[in-house]
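Inspection log for the structure reproduced underneath, given as structure tokens.
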Amino acid sequence: MWNDFVYGLGDFFQWTFKILPVMGNIPNYIFILIGFGLFFYWIKEQARYNKEAEKNGTLK
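Counted from 1, the sequence shown has number 24 at position 37 by our numbering; the numbering is strictly sequential.
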């Protein structure tokens, strides 16, 4: 029973990964854009945290 589940899961992943060559580099571009978006969001938040810490006198 456990083997059936594992082999079924493997077959499912092999079936879903067949679409990746058709998509080309689009998933890579999507991940890069998400990464840059999160990076700039964190930089903006870090600037806000630094400004608040400087105002409170806790920035060293």
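No residue lacks a Cβ here, since even glycine has one placed at the ideal position from N, Cα and C. Quantities reported herein were computed from a predicted structural model and do not represent experimental measurements.
Would a check of beta-carbon distances place residue 18 closer than 8 Å to chain B?
Looking for chain B here will not work: only one protein chain is present.
Helix, strand or coil for residue -12? Go by DSSP, reduced to three states.
Here residue -12 sits in coil by DSSP.
For residue 10, collect the residues of the same chain with a Cβ closer than 6 Å to its Cβ; drop the 5 residues on either side in sequence, then sort them by chain order.
none
Where residue 41 and residue 32 are concerned, what is the direct C-alpha to C-alpha distance, given to the nearest angstrom?
The alpha-carbon atoms of residue 41 and residue 32 are separated by roughly 14 Å.
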